[in-house]
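**Q** Before anything else, here's the structure in question.
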Amino acid sequence: PLVLGIETSCDETGIGIVRGRTLLSNTIASSMDEHSRYGGVVPEVAARAHLEALQPSIEAALAEAGSALDLDGPLALTDLDAIAVTSGPGLAGALMVGVGAAKALAVSLDKPLYAVNHLVGHIAADILDAEAGPLEYPTVALLVSGGHTSLLLVRDLTTDVELLGETMDDAAGEAFDKVARILGLPYPGGPEIDRAAVGADPTAIRFPRGLSRASDMEKHRYDFSFSGLKTAVARWIEQQPLRQAQEPDVEWTVPVGEVAASFREAVVDVLVTKALDACARHDVPRLLLGGGVIANRRLREVAIERAAAAGVTVRIPPLSLCTDNGAMIAALASELIMSGRRPSTLAFGADSTLPVTEIQIAEADAG
Ligand code: ATP
Ligand code: MG
Ligand code: FE
8 PLVLGIETSC DETGIGIVRG RTLLSNTIAS SMDEHSRYGG VVPEVAARAH LEALQPSIEA
68 ALAEAGSALD LDGPLALTDL DAIAVTSGPG LAGALMVGVG AAKALAVSLD KPLYAVNHLV
128 GHIAADILDA EAGPLEYPTV ALLVSGGHTS LLLVRDLTTD VELLGETMDD AAGEAFDKVA
188 RILGLPYPGG PEIDRAAVGA DPTAIRFPRG LSRASDMEKH RYDFSFSGLK TAVARWIEQQ
248 PLRQAQEPDV EWTVPVGEVA ASFREAVVDV LVTKALDACA RHDVPRLLLG GGVIANRRLR
308 EVAIERAAAA GVTVRIPPLS LCTDNGAMIA ALASELIMSG RRPSTLAFGA DSTLPVTEIQ
368 IAEADAG
C-alpha cells in the first residue's frame with residue numbers, strides 16, 4: 008500500500024511516504040533551533056511550529072515521492088491508499104496538531120486512517136532499511152532519544168511488543184542535554200558532548216551507573232535512571248576547586264573533555280549492559296537500536312563490540328530513520344495494512360502517555 012505518515016510527537020514535523028516496505032520520501036522539519044535558548048523543547052513552541060511546517064512538508068514529501076516513482080510531477084494525494092499518524096506518546100499539544108491534520112486529510116480524501124504508537128514506529132523504521140534485510144523476530148529493541156529510554160521485547164511488530172523497562176526519570180538524550188548545560192555547552196547536548204569527549208580518557212572519573220546494583224535487579228533490572236548521574240557530574244565539578252585549593256599554585260579549570268568522556272561512558276555502559284542482559288535472559292540473539300541518541304559514536308562502538316562478543320547481531324538503521332520521522336509511522340501503518348488490520352475510527356485523540364503495548368489505536372470493528 009501507498010501510505011503517507013505524519014509524525015508530530017515532539018519537535019520534528021515528519022512527513023514520510025512508503026509503498027509497502029519501500030521508502031519513497033522522508034521530509035523532516037525541526038523546531039530544535041527555536042528551543043535551543045530554553046535548553047529543551049517548549050511544548051507550545053513545538054505545536055505552533057508543527058502547524059506552520061505541516062503543509063509545506065506534505066508538499067515536499069509528495070514531490071519527493073513523485074521523483075522516487077519517476078512521475079512527471081508530485082505524487083497526488085488522491086493516489087494514496089491510507090494516511091497514518093502518531094497518536095502518542097509525546098507532547099499533547101504537538102500530537103494534537105498531527106492528529107487533527109491526519110483526520111482532516113483522511114476525511115477530505117475519503118482514505119482510511121491508521122493511528123499508531125510512536126515507539127513502535129521507531130522499531131518499524133528498521134523495515135525501511137533496505138540493506139539490512141527483513142526484521143527477524145523476536146528481537147530486543149533499545150530506543151533512546153530526548154524523550155524516551157525504553158527496552159522492548161518485540162515478538163511481532165504488529166501484534167506483540169512488550170515493555171521490559173524504561174527510564175524512571177530523565178531520558179538518555181535529556182541527560183546529555185542537561186550535562187552539556189552544566190558544562191556550558193550548547194543545546195542539543197549530545198553532539199557537543201560527543202565532540203568534547205574526543206581523545207579524552209573515559210575512565211578518568213568513575214560516575215555512577217544508575218539502577219545497576221544487585222539490589223536493583225529484582226524490580227529494576229531493565230529500568231534506567233539518569234538523574235543521579237547528572238547530579239553526580241554537577242557535584243564533581245563543584246567539589247574540584249575545593250580540592251585544588253590545597254594546591255594554590257595550580258590554576259584550576261573544569262576538564263570538560265574528561266568529564267564529557269566519563270559521563271558518556273557511564274550512560275553507554277548502562278544502556279548496552281542492560282540491553283545485552285535482556286538479550287541473554289530472553290535468549291534473543293538480536294538487538295535493534297533506535298532514537299536520536301544512536302547518533303552517539305561511543306554508543307554505537309560499544310554496542311557493536313560487546314554484542315559481537317555476546318553473539319548478538321546489532322541492527323542500526325540510518326540516522327535519518329532513527330530520529331523522529333514520518334516514514335516510520337507510514338511503515339508501521341503499511342505493516343498493519345499488510346497484516347489485514349482495519350483502519351482506526353475517528354474516535355481517537357492525542358494520548359501523551361500511550362503505552363507501547365497499544366500498537367494501533369481505535370481499530371474499527373469488523374463488519
Ligand atoms: P522523541 O523523544 O520523541 O523521540 P526527541 O526529539 O527528544 O524526540 P530525537 O530527535 O530522536 O529525540 O533525538 C534528540 C536527542 O538525541 C537529544 O536529546 C540529543 O541531545 C540527543 N543526541 C543527538 N545526537 C547525540 C549524540 N551524538 N550523542 C548523544 N545524544 C545525542
Ligand atoms: Mg527531536
Ligand atoms: Fe521518538
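Numbering (UniProt numbering), first residue to last: 8 to 374. C-beta atoms are modelled at their ideal positions from N, C-alpha and C, and glycine is treated no differently.
1) With C-beta atoms as the reference, is T320 less than 7 Å away from G299?
2) Just confirm the distance between the C-beta atoms of L343 and Y121, as a whole number of angstroms; I'd bet it's less than 8 Å.
3) Would you kindly work out how many angstroms separate the C-alpha atoms of S269 and T210, rounded to a whole number?
4) Nearest to I90 by CA position, among P324, G100, A137, A109, is which residue?
5) Using the three-state DSSP reduction, which class does L171 fall into: helix, strand or coil?
6) Evaluate T360 with the Cβ neighbour count: other Cβ atoms within 10 Å of its Cβ, from every protein chain shown; 16 or more gives buried, anything less gives exposed.
7) With a cut-off of 7 Å, give the chain-ordered residues whose Cβ is closer than this to any heavy atom of the ligand FE.
8) From the DSSP output, in three-state form, read off T280 for me.
9) For residue 3, which of helix, strand or coil comes out of DSSP?
10) So, at 7 Å on beta carbons, what are the nonlocal neighbours of I323 in its own chain, with the 5 sequence-adjacent residues on each side left out?
11) Just confirm the distance between the C-beta atoms of I366 and N124, as a whole number of angstroms; I'd bet it's less than 8 Å.
12) Taking its Cβ as the centre, do 16 or more other Cβ atoms sit within 10 Å of L326, making it buried, or is it exposed?
13) Give the list of continuous alpha helix (DSSP H) stretches no shorter than 4 residues that lie fully inside the segment 46-80.
14) What are the start and end residues of the alpha helix (DSSP H) that includes R202?
15) Alpha carbon to alpha carbon, how far is E138 from I368? Give it in angstroms, no decimals.
16) If you compare alpha carbons, which of Q62, A285, D18 is closest to H42?
17) Taking 7 Å as the threshold (C-beta atoms), are S16 and G97 in contact?
18) Only counting runs of 3 or more residues, tell me where the beta strand (DSSP E) segments fall wholly within the segment 122-186, in order along the chain.
19) Do N303 and the ligand ATP come close, with the Cβ less than 6 Å from some heavy atom?
20) For the ligand ATP, I want to know if D184 counts as a neighbour, meaning its beta carbon is within less than 6 Å of at least one of the ligand's heavy atoms.
21) With V319 as the anchor, note down where its beta strand (DSSP E) starts and where it stops.
22) Sorry if obvious, but does the Cβ on D358 come closer than 6 Å to a heavy atom of the ligand ATP?
23) Less than 6 Å between C-beta atoms, sequence neighbours within five positions excluded: which residues of the same chain meet that for V275?
24) Apart from the five residues on each side of it in sequence, which residues of its chain come closer than 7 Å, Cβ to Cβ, to L30?
25) State the start and end residues of the unbroken beta strand (DSSP E) segment that holds E19.
26) In terms of alpha-carbon separation, which member of G80, D88, A111 lies closest to L61?
27) Determine the extent of the alpha helix (DSSP H) in which G107 is found, giving its start and end residues.
28) State yes or no: is the C-beta of D201 nearer than 6 Å to some heavy atom of the ligand ATP?
**A** Reading it off the structure:
1) no
2) Between Y121 and L343 the Cβ distance is about 6 Å, and since that is below 8 Å, they are a contact.
3) Taking the straight line joining both Cα atoms gives about 6 Å.
4) A109
5) Three-state result, L171: strand.
6) T360 is exposed by the Cβ-count criterion.
7) S16, C17, H125, H129, S152, G154, H155, G298, D331
8) T280: helix per DSSP, three-state reduction.
9) Since the first residue shown for the chain is 8 and the last is 374, residue 3 is missing from the structure and cannot be characterised.
10) L296, I301, R307
11) 5 Å
12) exposed
13) Taking only runs of at least 4 residues, the alpha helix (DSSP H) segments lying wholly in the segment 46-80 are 50-75.
14) 196-203 is the span of the alpha helix (DSSP H), which, as asked, contains R202.
15) 30 Å
16) Here the closest residue by C-alpha is D18.
17) Yes, Cβ-Cβ distance for G97 and S16 is below 7 Å.
18) 146-151, 156-163, 167-173
19) yes
20) yes
21) No beta strand (DSSP E) holds V319; DSSP gives it neither H nor E.
22) no
23) In the same chain as V275, and ignoring 5 residues on each side of it, the C-beta atoms closer than 6 Å to its own belong to R305, L306, V309, in chain order.
24) L135, A334
25) 19-26
26) A111
27) 99-116
28) yes
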